[in-house]
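**Student:** Chains as they are written, first to last, in this note's numbering: chain A, 2 to 130; chain B, 60 to 470.
Positions of the beta carbon are idealized from the N, C-alpha and C atoms, including for glycine.
Below you will find the structure I want to go over with you.
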Amino acid sequence: MHHNTIPHPRMAILKISTTTELVCFRTDDIVFIKGDGNYSDVYQSNGKRRKLTFKLHYFEETLEPLTHGLFVRVGKSYIVNKAYVSVINLPERYLILDRRDMDNAYKFNISREALKDLKTQMEQEGGQA
Amino acid sequence: MIPMDYDLFANRYRRNKPIIEMDDENEDSINETEDDVNGIQSTDDFEITAPPVEAGHSLGAAPPREPETPESCSGKPSYTEACCSRSANDDDVTLNPNELPVISIEDEFNDFEGNLNPHRRHPNADSRTRPAGAQLTVRRRRPWLWPAACALLTIAAVALILAARHHYNYYYNIGVPIAVTPGQNIEKLASQGRYVERQGVTLTPDSILGVALNLYSLDGLKATLQLGTPDSTDTSIILCSRSADYTADLNYLGTLVVEGKELQSDNTRLGYVAMAGSNVVIGVSRSEKVKDYCVRQGGSFFRQFVLLSGGVIPRDFPLHGKVERRAIGRTSDDRLFYVATRHKETLWDFADALREYGFIDAVYITGGNSYSYYRNSKGRHLFIGPANELPNPNHRDIAPWIVFRKSRPGF
C-alpha cells in the first residue's frame, strides 16, 4: 500500500462526522467559512449555508495542508476560498467573493492589514489560486 | 449600496446578482443590487438569499430530491428545500459542545479526460480521515493490488520451488551419495600428484561374492584419451582399454573430451574419468565443472555409467545380461584400479563385488571382451580378458581409447 503526502489535490470531499450526523462538502464548492465563536458557517457556491457547531480553527487546520493555500484565513472570522476572490479593495477595505456560477456575491468589510496580506499572497501566486 | 467598482465588475459579467455584505465583526447584512430582479431580501442574520420559488415547489410539497447541480440553484430550482430561504437551524449539525468532530477528506473521481466529474464517485476513491490537526497522508487504495501481488508471489514461489527441486534432483539427488565433489577432483587434477616408488600395473587376481576379478593397480601412471587403436609396439603404453561408448552411426554417448577438444556434450551418464597433466581422477556428478577444467587444461574426459558412488550401488543399471565387465575403481586410500571380470557377470553382481572388495567409487568401462592389453613390470605385452580381437575396422579411428603411460618415463 502506497502512502505519501498530498502534493496538489485538485478537488476533495470534505466530510465532517459527528456522533449524530455526517456532512459532506466539495472543497471547490466552499466559498468561505465564517467563524462565530463555537460555531462555523460554511457558505457554498450554490447559495446554501450550513452551520456547524465547532470552531473555525478546525477548518483552518484541515483545509490548509489539503489545498495548499487555496483556503486562506482572512481576519479573525473568515476562511476564504481564493478561487472565488473577485475584488480586493484596500482603500475601501472590502473583499468581494464572486464567480459566474454563483447566485450571490459576498462582500466583506475586513481590516486593511488582512486584505493587504491576502492581496500580496495572491499577487505572489501569479493569480493561481 | 455596492461600491462603484463592483458595479463595473458586475456589468462586465452581465450578471445581476444580490450582494451579501458581511464584516469581520460577525455582523452580516444583505444588500441587494440596484437592479435586483429576483427580489431577494434578507430576513435575519443567518439567512441566505436565493432565487424565488416557483409555485407548487414549496417546502411542504417538495418533489423527490434530485442530484444537486449549480443550475438548480440559479434560475430553475428543481427543489426548494435546498435553495429556498431557510433558517439557519435547518442546517445545523447538532453536536455535543464537548465533542470534537472527525473531519475527513475524500478525493473526487476524475474521468478519463482528467476532468472532474462531480456526479460520479469512484468506488475506490481515496479516503482520508484524521483528527483535526493531524498530518494527512494519501492512501492509494487499489483493491486488486494485494490479490494480484499475492498471486504473482505464489506463482513465483511455486516456480522457484519447482525449479529448485528440479535442479536438486537433476544435479544432486542422483540416487547415490557423492564421495568426491567436482571441486575436490579439480584440486586433485591441479596438484603435483602423489609420489609412488614404482610406476606400472600390478595384476592381482581375486574373487569375492562369487565374482572372479582381475585387479590391475594403476600406480604412478598418467592417462590420455586417443582416437584410434593404440599401437601395440609402443612400449610407453602400460595399459590401454576402451573408454566411452559410441553408437553404430558413430555418435559418442556421454561427454567426451580428447586432449582439450570437446567431441560430445552429454551429461546423462553421471560417472566420469578425467585426465589432466599426470593425474587421473574418477567421480560421480552431473556437473560439467571437471570437464570444463579438462578442456581448459588440454586434458581428456569421458562419461560412463556409475557402478559405485560413495560405496553405494545405484538403484538400477541401464545394462542387463551377463558379459565380461570392466571398470575403473577408486579405493578408500585413493588408489585407482582397472578391474575386469574373468567370467560373464551381471552389472549389479560386478558392482556388488566391487563394493564388497572395498571400492568407494567405480565407473563402468565399455568393451568387456574387447581388445585391450597391459605391460607387466618386465615390459611384456599381455592381453586383458579373453578377447584379443581388434575393434571393428570401420570404427578404428572413432573409438576413444584410454591409454596409461608412466608419468615419469625412465623409472
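Who are serine 266 of chain B's beta bridge partners in DSSP?
**Tutor:** B:Ala271
**Student:** Closest by CA to glutamate 62 of chain A, which one among A:Arg74, A:Arg51, A:Lys52, A:Thr54?
**Tutor:** A:Arg74
**Student:** Helix, strand or coil, according to DSSP, for proline 473 of chain B in the structure here?
**Tutor:** The structure shown has nothing for residue 473 of chain B, since chain B only spans 60 to 470.
**Student:** Could you check if serine 302 of chain B is buried or exposed, using at least 16 other CB atoms within 10 Å of its CB as the buried criterion?
**Tutor:** buried
**Student:** So, do the segment 284-301 of chain B and the segment 347-357 of chain B have three or more beta carbon pairs nearer to each other than 8 Å?
**Tutor:** no
**Student:** Could you check if glycine 388 of chain B is buried or exposed, using at least 16 other CB atoms within 10 Å of its CB as the buried criterion?
**Tutor:** Buried, by the Cβ-count rule.
**Student:** Taking 8 Å as the threshold (C-beta atoms), are glycine 313 of chain B and arginine 328 of chain B in contact?
**Tutor:** yes
**Student:** When the distance is taken between beta carbons, is aspartate 408 of chain B closer than 8 Å to valine 235 of chain B?
**Tutor:** no
**Student:** Name the chain A residues whose beta carbon is nearer than 9 Å to that of proline 77 of chain B?
**Tutor:** Asp104, Asn105, Ala106
**Student:** Exposed or buried, cysteine 25 of chain A, counting other C-beta atoms within 10 Å across all chains shown (16 or more means buried)?
**Tutor:** exposed
**Student:** Tell me whether glutamate 383 of chain B is buried or exposed, calling it buried when 16 or more other Cβ atoms sit within 10 Å of its Cβ.
**Tutor:** buried
**Student:** Based on the DSSP secondary-structure assignment, which residues constitute the bridge partners of lysine 52 of chain A?
**Tutor:** A:Asp42
**Student:** List the residues of chain A that glutamate 80 of chain B touches, going by C-beta distances under 9 Å, in chain order.
**Tutor:** Tyr95, Tyr107, Lys108, Phe109, Asn110
**Student:** Could you tell me whether the Cβ atoms of isoleucine 267 of chain B and alanine 412 of chain B are closer together than 8 Å?
**Tutor:** yes
**Student:** Short check: CB of valine 32 of chain A to CB of serine 41 of chain A, under 8 Å?
**Tutor:** The Cβ atoms of valine 32 of chain A and serine 41 of chain A lie no closer than 8 Å to each other.
**Student:** Distance check for tyrosine 59 of chain A and lysine 16 of chain A, CA to CA, integer angstroms please.
**Tutor:** 12 Å
**Student:** If I measure Cβ to Cβ from leucine 64 of chain A and keep anything under 6 Å in the same chain, skipping five residues before and after, which residues do I get?
**Tutor:** Phe72
**Student:** Flag this pair as yes or no: are the beta carbons of proline 241 of chain B and phenylalanine 361 of chain B separated by less than 8 Å?
**Tutor:** no
**Student:** In the DSSP assignment, find the alpha helix (DSSP H) that holds glutamate 246 of chain B and state where it starts and stops.
**Tutor:** Glutamate 246 of chain B -> alpha helix (DSSP H) spans 241-249.
**Student:** If you follow the alpha helix (DSSP H) that alanine 410 of chain B is in, where does it begin and where does it stop?
**Tutor:** 406-416
**Student:** State the DSSP-derived secondary structure class of histidine 225 of chain B, mapped to helix, strand or coil.
**Tutor:** helix
**Student:** Below 8 Å between beta carbons: does that hold for lysine 35 of chain A and tyrosine 44 of chain A?
**Tutor:** yes
**Student:** List the DSSP bridge partners of aspartate 278 of chain B.
**Tutor:** In the DSSP output, where bridge partners are listed per residue, aspartate 278 of chain B has B:Gly259.
**Student:** Since tyrosine 331 of chain B sits in a beta bridge, which residues does DSSP pair it with?
**Tutor:** Beta-bridge pairing links tyrosine 331 of chain B to B:Gly342, B:Arg362.
**Student:** How should arginine 113 of chain A be labelled, buried or exposed, when 16 other C-beta atoms within 10 angstroms of its C-beta is the threshold for buried?
**Tutor:** exposed
**Student:** By alpha-carbon positions, which one of B:Phe463, B:Phe418, B:Leu395 ends up nearest to arginine 434 of chain B?
**Tutor:** B:Phe463
**Student:** Residue range of the beta strand (DSSP E) that leucine 298 of chain B falls in?
**Tutor:** 296-301
**Student:** With H, G and I counted as helix, E and B as strand and the rest as coil, what does DSSP make of leucine 96 of chain A?
**Tutor:** Strand, per DSSP.
**Student:** For the candidate residues A:Arg27, A:Thr54, A:Ala13, A:Met12, whose alpha-carbon lies nearest to that of threonine 20 of chain A?
**Tutor:** A:Thr54
**Student:** Could you give the DSSP three-state label for lysine 437 of chain B: helix, strand or coil?
**Tutor:** coil
**Student:** Rounding to the nearest angstrom, what Cα-Cα distance links glycine 70 of chain A and alanine 210 of chain B in this structure?
**Tutor:** If I take the Cα positions, the gap works out to 43 Å.
**Student:** Measure how close the beta-carbons of aspartate 304 of chain B and serine 368 of chain B come, nearest whole angstrom, since I'm counting them as under 8 Å.
**Tutor:** Incorrect: roughly 19 Å between the Cβ atoms, too far for contact.
**Student:** Answer with buried or exposed for glycine 330 of chain B, where buried requires no fewer than 16 other C-beta atoms within 10 angstroms of its C-beta.
**Tutor:** Answer is buried; the Cβ neighbour count reaches 16.
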